[in-house]
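>
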Amino acid sequence: ETGVTQTPRHLVMGMTNKKSLKCEQHLGHNAMYWYKQSAKKPLELMFVYNFKEQTENNSVPSRFSPECPNSSHLFLHLHTLQPEDSALYLCASSQDGPRTEAFFGQGTRLTVV
Amino acid sequence: DQQVKQNSPSLSVQEGRISILNCDYTNSMFDYFLWYKKYPAEGPTFLISISSIKDKNEDGRFTVFLNKSAKHLSLHIVPSQPGDSAVYFCAPAYNQGGKLIFGQGTELSVKP
Chain A
17 ETGVTQTPRH
27 LVMGMTNKKS
37 LKCEQHLGHN
47 AMYWYKQSAK
57 KPLELMFVYN
67 FKEQTENNSV
77 PSRFSPECPN
87 SSHLFLHLHT
97 LQPEDSALYL
107 CASSQDGPRT
117 EAFFGQGTRL
127 TVV
Chain B
2 DQQVKQNSPS
12 LSVQEGRISI
22 LNCDYTNSMF
32 DYFLWYKKYP
42 AEGPTFLISI
52 SSIKDKNEDG
62 RFTVFLNKSA
72 KHLSLHIVPS
82 QPGDSAVYFC
92 APAYNQGGKL
102 IFGQGTELSV
112 KP
């Protein structure tokens, strides 16, 4: 139990589908993040939310749409994805402040066919 | 523009010996450095950190060294154990917390 829970763990979707990834944290943190890990690449930061407000979007294509309804929940809505979007999507949370570490969920393994 | 580099994609060591994982960074504004460990099919877990005001931090078998002038840090694991086999990520951060920039990772394999 890491305190950060992601669902589903695995997802296969077609390029015309619409799906959503869910992340929930039980740690009382006020910052949440989406990261993407493709094969043989470093973890890439996608979005940052602080106190439910999006504070960073790292040039992510609009086919990825984040939503943060409250400080405990984070969603990533997916639509018209491409096969190259297949990756491990990781959610993380942290307490906004100096010298804090982020806690990660187990990730959603996404395959776009 | 890759701000963090872990130039060794993999490392293999014998059980009981020392493992040394290296990380180089380019941004001198980083002032807090973390190491994460990741097993397959799991998210990264925090391992150890060091503030830029220190040059060494030790926690059990794990020691992180920071050389700010060289913009280099390293993680030492001694003695290495088979359970240490995982991918290790270096992640510098800014002192105000939050966003982490990850290196590519080094896959450590500790052989019995």
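Quick mapping for you: the protein sequence lines, in order, are chains A and B.
All residue numbers for the first sequence refer to the numbering used here, where the first residue is 17 and numbers rise by one.
All residue numbers for the second sequence refer to the numbering used here, where the first residue is 2 and numbers rise by one.
Ideal Cβ placement from N, Cα and C applies to all residues, glycine included.
If I measure Cβ to Cβ from Phe91(A) and keep anything under 6 Å in the same chain, skipping five residues before and after, which residues do I get?
Around Phe91(A): Ser36, Lys38, Glu83.
> Which parts of the stretch 33-71 of chain A are runs of the beta strand (DSSP E), unbroken and 3 residues or longer, counting only runs that do not cross its ends?
For the stretch 33-71 of chain A, whole beta strand (DSSP E) runs of length 3 or above, ordered along the chain, are 34-41, 47-53, 60-66.
> Use the C-beta contact count for Ser110(A): other C-beta atoms within 10 angstroms, 16 or more gives buried, fewer gives exposed.
Buried, since its Cβ has 16 or more Cβ neighbours within 10 Å.
> Does the Cβ of Thr124(A) have 16 or more other Cβ atoms within 10 Å, making it buried, or fewer, making it exposed?
Under this definition Thr124(A) is a buried residue.
> Please report the residue range of the beta strand (DSSP E) in which Asp25(B) lies.
First-last of the beta strand (DSSP E) with Asp25(B): 20-26.
> Which residue wins for smallest C-alpha separation from Phe120(A), given the options Lys100(B), Gly17(B), Thr27(B), Arg62(B)?
The shortest C-alpha separation from Phe120(A) is found at Lys100(B).
> Contact defined as beta carbons within less than 8 Å: I believe His95(A) pairs with Glu40(A). What is the distance between those atoms, to the nearest angstrom?
So it is not a contact: roughly 22 Å between Cβ atoms.
> With C-beta atoms as the reference, is Phe63(A) less than 9 Å away from Asn46(A)?
No.
> I want to see whether chain B comes within less than 9 Å of Pro24(A), judged by CB atoms only; does it?
Chain B contact via Cβ: absent.
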